[in-house]
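Trainee: Here the sequence shown is numbered in our numbering, starting from -2 and rising by one per residue.
This is the structure I have questions about; it appears just below.
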Amino acid sequence: MTSGELTQVEQPADGPFTTRQLLRLDEALRIADQATGLNFSIYLGDLGDPSRETAEGLHRQTRTPQRSVLIAVSPNQRKLEIVTGSDARHRISDRDAKLAGLSMAASFAGGDLAGGLLIGIDQLASHAGRY
-2 MTSGELTQVE QPADGPFTTR QLLRLDEALR IADQATGLNF SIYLGDLGDP SRETAEGLHR
58 QTRTPQRSVL IAVSPNQRKL EIVTGSDARH RISDRDAKLA GLSMAASFAG GDLAGGLLIG
118 IDQLASHAGR Y
């Protein structure tokens, strides 16, 4: 799981991101956290089946689940889940999350995993508004 701190970015040596992409993702998460007062994180890996339950379990493990937004992506399964805590849900509607998901999916389909995540973080933070 990644969050707004670079030290929490876990990346295998043969992972899908370059160092530059990881830095951009980390910066986007940090900015989203600071601007909204919510805690944004990314999970990239297998989500199992059903993917929603796995994503919700991962979300419960975040620092403050009620204020957290998790973007969980399983490229091999072609699955994307966005999970918001109770406080975050008041600021990011299901419709907003779906729109961000569609934008991310379009980038993913074009082979741009990092770009899609950056778009998603930005859109979700924009919908959440300032803290």
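Where a beta carbon is used, it is the ideal one built from N, C-alpha and C, also for glycine.
#1: In angstroms, rounded to a whole number, what distance separates the CA positions of Asp30 and Asn73?
#2: Look at Ala125 and Arg92 and say whether their C-beta atoms are less than 7 Å apart.
#3: Looking at the unbroken beta strand (DSSP E) that takes in Phe37, where does it start and where does it end?
#4: At a cut-off of 6 Å, would you count Thr33 as near the ligand ADP, judging by its Cβ distance to the nearest heavy atom?
#5: On the DSSP bridge list, what partners appear for Ser65?
#6: Mapping DSSP to helix, strand and coil, what is Leu77?
#7: Under the rule that 16 or more other beta-carbon atoms within 10 Å means buried, what is Thr51, buried or exposed?
#8: Give the straight-line distance between the Cα atoms of Gly42 and Ala102, rounded to the nearest whole angstrom.
#9: How is Ser48 classed by DSSP in three states: helix, strand or coil?
#10: Under three-state DSSP, which class holds Ser71?
#11: Ile39 to Ile28, Cα distance in whole Å?
#12: Whose C-beta lies closer than 7 Å to the C-beta of Pro62 among residues of the same chain, with five residues either side of it excluded?
Mentor: Once the coordinates are examined:
#1: Start at 1 with the first residue of the sequence shown, and residue 30 comes out as number 33. Start at 1 with the first residue of the sequence shown, and residue 73 comes out as number 76. Answer to the nearest angstrom: the Cα atoms are 28 Å apart.
#2: Counted from its first residue, the sequence shown places residue 125 at position 128. Counted from its first residue, the sequence shown places residue 92 at position 95. Going by C-beta atoms, Ala125 is not nearer than 7 Å to Arg92.
#3: If you number the sequence shown from 1, residue 37 lands on position 40. Per DSSP, Phe37 belongs to the beta strand (DSSP E) from Asn36 to Leu41.
#4: Within the structure as shown, the ligand ADP is missing, as the structure has no ligands at all.
#5: For the purposes of this step, residue 65 is taken as the residue at position 68 of the sequence shown. The partner list for Ser65 (beta bridge, DSSP) reads Asn36.
#6: Position 80 of the sequence shown holds residue 77. The answer is strand: DSSP assigns Leu77 an E or B state.
#7: Sequence index remark: in the sequence shown, residue 51 carries index 54 (1-based). With 16 or more other Cβ atoms within 10 Å, it is buried.
#8: For this step, residue 42 is matched to residue 45 along the sequence shown. For this step, residue 102 is matched to residue 105 along the sequence shown. Straight-line Cα distance between these residues: approximately 16 Å.
#9: Position 51 of the sequence shown, counting from 1, holds the residue named residue 48. In the structure shown, Ser48 sits in a helix (DSSP, three-state: H, G or I).
#10: Counting from one through the sequence shown, the residue named residue 71 turns up at place 74. Note: Ser71 maps to strand in three-state DSSP.
#11: Your numbering for residue 39 matches position 42 in the sequence shown. Your numbering for residue 28 matches position 31 in the sequence shown. In a straight line, the C-alpha of Ile39 is about 14 Å away from that of Ile28.
#12: Within the sequence shown, the letter at position 65 stands for residue 62. Sequence-distant Cβ neighbours of Pro62 in its own chain, meaning closer than 7 Å and more than five residues away, are His56 and Gly82.
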